[in-house]
Ligand SMILES: NC(=O)C1=CN([C@@H]2O[C@H](COP(=O)(O)OP(=O)(O)OC[C@H]3O[C@@H](n4cnc5c(N)ncnc54)[C@H](O)[C@@H]3O)[C@@H](O)[C@H]2O)[C@@H](O)CC1
Ligand SMILES: [K+]
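In UniProt numbering, the protein residues as written are 1 to 523.
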């Protein structure tokens, strides 16, 4: 198979530890010897580490410490140690275990026979310039305790450059939770297929930069275990770009490109409406109407000359009191509601909940919804509903779920099952859940953790939906596209302006730039 096509397919896949074990079993029973696979995988890891050393100017004079566990993660570590030793690197192995799996023990005996330095004192690794972590991979199931936990804490305290094999040791493969303690890696080389730990906020600080090392597991074996439509998926550049309404049909006029209504803003939070409008601008939607309190209408017109600004009667404090009576909601394919509304806008929500089109609820619309029996309200909707809570808002909406579950992927999926809505649970690794599937955005930047960045996402998503709805296509994938695109804009802006330079307005200016760059790399 063409390696580029394979890589696009592999990138989208996520497997749990159990699924990985089952896939492994299939290929072993198909005939590849366990030792041969370990040799192949560790060879690929060594090659990658060698390149990383070149990038970081680490030469054979530098000292490399290798942490070796009792299982096959340790086996990988030993093969890497042996190969780096033959390349001339100064290696010291630390493996404080009395028992090892058979293959790991065999490799241990061999490195011993080669005279590679085997240390029994963690302190001796303090002189190392780089540490390679082969303590535990997806076989870790219980808390790390005792001497090995102390060792890990000492290593973390040194703040050395650490490369973890498969998973940073101590992280639970499926939940990303820290089991007692965990190695704080700079880079983690995930082996074969992505695991859920890489896609959740919990372990990210320990995983560092994540890279996948593909070792040619046949797709038929992967598919035999994960099935035709796997529950858990990674959003990739490929899936995101393919869902965009590009190229546009030559004969499309503005209304064929869809009409979005944004209901947002108040005297207090005018910017939220502007940012949502600017997010929608980048989506290329045919028409944007923005309903705001009367008093801020001139400001919106100035910032968004292309939009139709609808002034609404307002409360004493400048929140929307009601929508104009003659506002015909059936004209829009999508309504975005929430950014900067304040809780005073509660009276408009009944009309929104019963609107005969797709609605996206964000920010204050979610805070209002939290007071109105969210599960009942959302599940009563006859048209698509998307909600975009961060964890704080999610807690207010679904306290009963939060009481029983911590895992963000499960939480989002359960909320989708309960309500029938598409749940966009925002975080460092935003996930998009329907009742049947979860998609996770694997790349983002902490630069996006700023006021207003969510308003941009909601506007962008709002603008992307109408053409998809008009084309009568399913909407789930375009939600993924919005989440991915928003992050890519943040990543590009952070690269050019540092992580401090990505205010929400600047972010809106990077949306089209990020898309242009992606389109160039994908072709
Ligand atoms: N998936 C695959 O197809 C491949 C996997 N390989 C490697 O194999 C690894 C998985 O190997 P294993 O299944 O042997 O598992 P691990 O090497 O991740 O760890 C399991 C070992 O650690 C012990 N252990 C578990 N939790 C512990 C704790 N809290 N404290 C102390 N000891 C603990 C277990 O008793 C067992 O001996 C992968 O992470 C990867 O590095 C590669 O060698 C080759 C290909
Ligand atoms: K590891």
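Cβ atoms here follow ideal geometry from the backbone N, Cα and C, with glycine treated the same way.
Have a look at residue i and residue j and give me their C-alpha separation to the nearest angstrom.
i: residue 204; j: residue 186; result: 10 Å
i: residue 465; j: residue 448; result: 22 Å
i: residue 105; j: residue 39; result: 14 Å
i: residue 444; j: residue 400; result: 29 Å
i: residue 367; j: residue 507; result: 25 Å
i: residue 282; j: residue 261; result: 15 Å
i: residue 253; j: residue 178; result: 53 Å
i: residue 257; j: residue 372; result: 34 Å
i: residue 277; j: residue 404; result: 37 Å
i: residue 14; j: residue 476; result: 18 Å
i: residue 355; j: residue 487; result: 30 Å
i: residue 244; j: residue 229; result: 21 Å
i: residue 332; j: residue 437; result: 27 Å
i: residue 168; j: residue 242; result: 33 Å
i: residue 225; j: residue 20; result: 9 Å
i: residue 48; j: residue 379; result: 49 Å
i: residue 326; j: residue 497; result: 45 Å
i: residue 107; j: residue 237; result: 40 Å
i: residue 289; j: residue 335; result: 9 Å
i: residue 419; j: residue 411; result: 12 Å
Do residue j and residue i come within 8 Å of each other at the CB atom, strictly closer than that value?
i: residue 342; j: residue 299; result: no
i: residue 174; j: residue 149; result: no
i: residue 212; j: residue 409; result: no
i: residue 125; j: residue 89; result: no
i: residue 292; j: residue 273; result: yes
i: residue 440; j: residue 450; result: no
i: residue 128; j: residue 92; result: yes
i: residue 320; j: residue 361; result: no
i: residue 10; j: residue 214; result: yes
i: residue 181; j: residue 170; result: yes
i: residue 397; j: residue 369; result: yes
i: residue 301; j: residue 314; result: no
i: residue 132; j: residue 207; result: no
i: residue 69; j: residue 136; result: yes
i: residue 392; j: residue 363; result: no
i: residue 504; j: residue 485; result: no
i: residue 311; j: residue 297; result: yes
i: residue 163; j: residue 111; result: no
i: residue 151; j: residue 27; result: no
i: residue 235; j: residue 442; result: yes
i: residue 85; j: residue 52; result: no
i: residue 67; j: residue 134; result: yes
What first and last residue would you give for the beta strand (DSSP E) that runs through residue i?
i: residue 107; result: Taken as a continuous stretch (DSSP letters only), residue 107 belongs to no beta strand (DSSP E), being part of the alpha helix (DSSP H) at 102-114.
i: residue 161; result: 161-165
i: residue 131; result: 130-134
i: residue 422; result: 422-425
i: residue 440; result: 438-440
In terms of residues, what are the limits of the alpha helix (DSSP H) holding residue i?
i: residue 188; result: Note, residue 188: premise wrong, no alpha helix (DSSP H); beta strand (DSSP E) at 187-191.
i: residue 14; result: Taken as a continuous stretch (DSSP letters only), residue 14 belongs to no alpha helix (DSSP H), as it is neither H nor E.
i: residue 148; result: 146-158
i: residue 392; result: 391-397
i: residue 404; result: It is not in any alpha helix (DSSP H) - residue 404 carries neither H nor E in the DSSP assignment.
i: residue 409; result: 408-419
Helix, strand or coil, according to DSSP, for residue i in the structure here?
i: residue 57; result: coil
i: residue 502; result: coil
i: residue 475; result: coil
i: residue 119; result: strand
i: residue 318; result: coil
i: residue 334; result: strand
i: residue 307; result: coil
i: residue 455; result: helix
i: residue 433; result: strand
i: residue 512; result: helix
i: residue 522; result: helix
i: residue 183; result: coil
Looking at chain D, is there any beta carbon in it that lies within less than 8 Å of the beta carbon of residue i?
i: residue 433; result: Within the model displayed, chain D is absent; a lone protein chain is all it includes.
Query raised in the report: Counting only runs that start and end within the segment 338-387, where is the alpha helix (DSSP H) found for 4 or more residues in a row?
Result: If only uninterrupted alpha helix (DSSP H) runs of at least 4 residues are considered, those enclosed by the segment 338-387 are 349-353, 363-370, 374-379.
Segments assigned alpha helix (DSSP H), at least 4 residues, entirely inside the segment 22-102: If only uninterrupted alpha helix (DSSP H) runs of at least 4 residues are considered, those enclosed by the segment 22-102 are 34-55, 72-86.
Practice item. Could you pull out every unbroken beta strand (DSSP E) segment of at least 3 residues lying fully inside the segment 256-294, listed in chain order? Key: Scanning the segment 256-294 for uninterrupted beta strand (DSSP E) segments of 3 residues or longer gives 259-263, 287-293, listed from N- to C-terminal end.
Complete runs of the beta strand (DSSP E) confined to the segment 200-266 [at least 3 residues]
As far as the segment 200-266 is concerned, its whole beta strand (DSSP E) runs of at least 3 residues are 209-213, 232-234, 259-263.
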